[in-house]
Amino acid sequence: MKIIDRLYEKVRDNGFVCVGLDTSLDYIPSKMKEGKSVTDAIFSYNKEIIDNTYDVCAIYKLQIAYYESYGIDGMLAYKKTLDYLRENNLLSIGDVKRSDIAASAKMYAKAHFSGDFECDFITLNPYMGMDSIEPYEEYIESGDKGVFVLLRTSNPGAKDFEILDVDGEEFFYKIGDKLKALNEKYLGENGYGPIGLVVGATHSEEVDKIRKRYDKMFFLIPGFGAQKADSLNVYKLMENLNAGVVNSSRAILKNWQNYDDGSEKVGFYARKKAIETYEEIKANEVI
2 MKIIDRLYEK VRDNGFVCVG LDTSLDYIPS KMKEGKSVTD AIFSYNKEII DNTYDVCAIY
62 KLQIAYYESY GIDGMLAYKK TLDYLRENNL LSIGDVKRSD IAASAKMYAK AHFSGDFECD
122 FITLNPYMGM DSIEPYEEYI ESGDKGVFVL LRTSNPGAKD FEILDVDGEE FFYKIGDKLK
182 ALNEKYLGEN GYGPIGLVVG ATHSEEVDKI RKRYDKMFFL IPGFGAQKAD SLNVYKLMEN
242 LNAGVVNSSR AILKNWQNYD DGSEKVGFYA RKKAIETYEE IKANEVI
């Protein structure tokens with residue numbers, strides 16, 4: 002089964018939540034860190050989250066910067082987490098936002114689609130052009146790997162480039178249209194392709210147009226939870242509660258901090274928040 006069809010079925014069966022494993026040592030209760038190396042502390046925390054959320058989410062996203070910041074120890078935790086997900090038939094996104102061309106891009110593809118840091122999907126930055134995307138096609142063509150490419154982001158600085166006028170339309174649509182054409186070469190059985198888009202849910206006036214225009218593309222939707230993206234916008238970016246995954250990181254990882262007994266029940270409260278995230282967005286069906 003192609004990776005995009007596996008993701009579609011995970012969303013259908015478990016819901017659209019993407020649990021962001023953007024793990025910092027600051028998030029981990031003291032007792033969980035006691036006597037452990039950086040690698041073991043981070044991995045054991047991630048494992049606790051995974052073991053309690055695997056059936057209420059579609060996929061896990063690891064923001065690599067959190068692991069890189071701890072050097073070799075952090076990257077060992079990154080590897081161990083990815084290995085654990087793969088061993089349990091769970092899907093992963095390496096949030097690496099790579100942007101390079103030619104031989105360098107091929108090496109990035111090799112690094113994150115095979116070997117120690119192998120993921121099912123990775124994130125890419127398209128602003129060097131389509132030759133920064135094409136080196137990943139070798140893996141995409143196999144059906145085993147996919148990418149999510151930055152399109153319309155939710156950060157304030159997005160206005161500096163993404164919405165510049167180009168021939169009467171915002172620049173990001175020019176990028177999206179090229180990616181749409183490439184994606185249609187690789188559609189899976191469920192009608193979606195493995196080249197997805199990162200689309201923030203903070204721009205209410207754009208969500209309907211973006212979803213309609215890129216109807217065969219899966220969306221990675223950040224900004225829900227700590228970044229306060231609107232739940233109705235998130236709902237509109239999906240199709241029948243599929244065709245997208247909604248990332249929540251800090252709100253899930255740190256939910257235990259909101260409860261007196263949280264340090265003893267980290268996984269329980271992570272699961273609770275993941276379910277609440279799903280239910281809050283799904284509630285828009287009746288609007």
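Each number in the numbering used here comes from the position in the sequence shown (counting from 1) with 1 added on.
Glycine included, C-beta positions come from ideal geometry on N, C-alpha and C.
Whole-angstrom C-beta distance between residue j and residue i, which should lie under 8 Å
i, j, result
"Ile282", "Ser232", "5 Å"
From the options, residue whose alpha carbon lies closest to that of residue i
i, options, result
"Glu69", "Leu86, Ser25, Ser38 and Gly36", "Ser25"
"Ile60", "Tyr140, Asp96, Asp27 and Ser38", "Asp96"
"Tyr9", "Ser38, Cys58, Tyr46 and Tyr28", "Cys58"
"Asp27", "Lys255, Gly263, Phe172 and Gly245", "Lys255"
"Val148", "Glu171, Pro195 and Tyr109", "Pro195"
"Val39", "Asp6, Gly75, Phe114 and Met33", "Gly75"
"Thr82", "Glu35, Ile50 and Ala159", "Ile50"
"Ser264", "Ile211, Lys32 and Asn15", "Lys32"
"Asp6", "Ser250, Gly192, Ala284 and Lys175", "Gly192"
"Gln64", "Glu163, Thr124 and Ile222", "Thr124"
"Ala294", "Ala103, Phe44 and Val167", "Because the chain in this structure spans residues 2 to 288, residue 294 falls outside the shown range and cannot be described."
"Leu188", "Ile102, Phe219 and Asp41", "Phe219"
"Phe225", "Asn241, Glu190, Lys217 and Thr278", "Thr278"
"Thr203", "Asp41, Ala159, Ile102 and Lys186", "Ala159"
"Asp101", "Tyr85, Lys34, Leu86 and Asn126", "Asn126"
"Glu119", "Leu165, Glu170, Arg87 and Glu171", "Arg87"
Where residue i falls, given that 16 or more other Cβ within 10 Å makes a residue buried
i, result
"Asn90", "exposed"
"Asp261", "exposed"
"Ser93", "buried"
"Ser115", "exposed"
"Ser143", "exposed"
"Ala182", "exposed"
"Val287", "exposed"
"Asp161", "exposed"
"Asn248", "buried"
"Asp23", "buried"
"Met129", "exposed"
"Asp56", "exposed"
"Met2", "exposed"
Beta-carbon proximity check, residue i vs residue j, cutoff 9 Å
i, j, result
"Gly197", "Asn184", "yes"
"Phe17", "Asn243", "yes"
"Val150", "Val199", "yes"
"Tyr215", "Gly177", "yes"
"Asp132", "Ala106", "yes"
"Ile134", "Leu180", "yes"
"Asn53", "Arg272", "yes"
"Ser250", "Val12", "no"
"Trp257", "Val267", "yes"
"Leu152", "Phe173", "yes"
"Arg212", "Lys175", "no"
"Ile103", "Glu139", "In the sequence under discussion, the amino acid at residue 103 is Ala, which differs from the Ile named in the question. Contact: no."
Requested in this report: Starting from the N-terminal side, write out each stretch of the alpha helix (DSSP H) that is 4 residues or longer and does not extend beyond the stretch 170 to 201.
Outcome: Here the runs fully enclosed are 172 to 184.
Query raised in the report: At which residue ranges does the stretch 30 to 114 contain complete beta strand (DSSP E) runs of 3 or more residues, listed in the order of the chain?
Result: If one requires a minimum length of 3 residues, the beta strand (DSSP E) runs lying completely within the stretch 30 to 114 are 60 to 64 and 93 to 99, in chain order.
Requested in this report: Could I get the ranges of all uninterrupted alpha helix (DSSP H) runs contained in the stretch 211 to 261, with 4 residues as the minimum, in chain order?
Outcome: Runs of the alpha helix (DSSP H) inside the stretch 211 to 261: 232 to 237 and 251 to 254.
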